[in-house]
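Asks: Input: one structure, supplied below.
Residue numbers (this note's numbering): 6 to 181.
Printed below as a string of structure tokens:
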């Protein structure tokens, strides 16, 4: 039987990506016994060890639920490690001045995104849009306007909590 020497590289442009091949791709399976899902989430085998387990999403969540990153460290050592690692992540904090950028740019926390949802505005809204939505919804659901309505009172509390989150975030951005 003759070996095939056929290639998919027929001049320029290349018809396949660099490093690709015709063989089947190897998929790492979850390290949990009897699991056939792809293992694409690394988890440390022990503290301060470079060795990793590779789990599927469900088993990674189960494993991390009981994981204590600071286990075996004294309070001083744990504080020192936390300070060291937060110092290494300072580049992310340095971009916080971009403020009310569009969604997905990493400037808004999960709590801010939830607050925007509570105020029924899109993720790309400005702070002034958030203020207007807060005022509109607070007026519509205020307990003085709807006495005895428990649902309106609960909605008013949610709106106030959302506004507090957004206002604090805006103050942090202004101070930076």
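Yeah, the Cβ is synthetic: ideal placement off N, Cα and C, and Gly gets one too.
Remember, it's a predicted structure, so these values are computed and weren't measured experimentally.
Taking DSSP as the reference, what is the three-state secondary structure of residue 34?
Replies: The answer is strand: DSSP assigns residue 34 an E or B state.
Asks: Does the beta-carbon of residue 113 have 16 or more other beta-carbons within 10 angstroms, so that it is buried, or is it exposed?
Replies: Buried, by the Cβ-count rule.
Asks: Should residue 30 and residue 48 be called a contact, given that it needs their Cβ atoms to be closer than 7 Å?
Replies: The answer is no: Cβ separation not under 7 Å.
Asks: My parser needs the alpha helix (DSSP H) runs of 4 or more residues fully inside the stretch 98-172; what are they?
Replies: Listed in chain order, they are 115-123, 132-146.
Asks: Rounded to whole angstroms, what is the Cα-Cα separation between residue 117 and residue 170?
Replies: Roughly 6 Å separates the two Cα atoms.
Asks: When the Cα of residue 37 is compared with those of 62, 53, 56, which residue comes out closest?
Replies: That would be 62, whose Cα lies nearest to the Cα of residue 37.
Asks: Kindly indicate which three-state DSSP category residue 181 falls into: helix, strand or coil?
Replies: Note: residue 181 maps to coil in three-state DSSP.
Asks: Determine the burial state of residue 105: buried for a count of at least 16 other Cβ atoms within 10 Å of its Cβ, exposed for fewer.
Replies: Residue placement at residue 105 cannot be trusted, given a pLDDT of 49 that sits under 50; what the coordinates show is reported in the next sentence. So residue 105 ends up on the buried side.
Asks: Could you tell me the alpha carbon to alpha carbon distance between residue 130 and residue 58, rounded to whole angstroms?
Replies: If you take the alpha carbons of residue 130 and residue 58, they lie about 41 Å apart.
Asks: Who pairs with residue 58 in a beta bridge, going by DSSP?
Replies: Residue 58 is bridged to 48.
Asks: Near residue 43, what residues of its chain come up, given a Cβ to Cβ distance below 8 Å and the 5 sequence neighbours on each side ignored?
Replies: Around residue 43: 32, 33, 34, 35, 61.
Asks: Would you tell me roughly how many angstroms separate the C-alpha atoms of residue 160 and residue 91, rounded to the nearest one?
Replies: Their backbone Cα atoms lie some 36 Å apart in a straight line.
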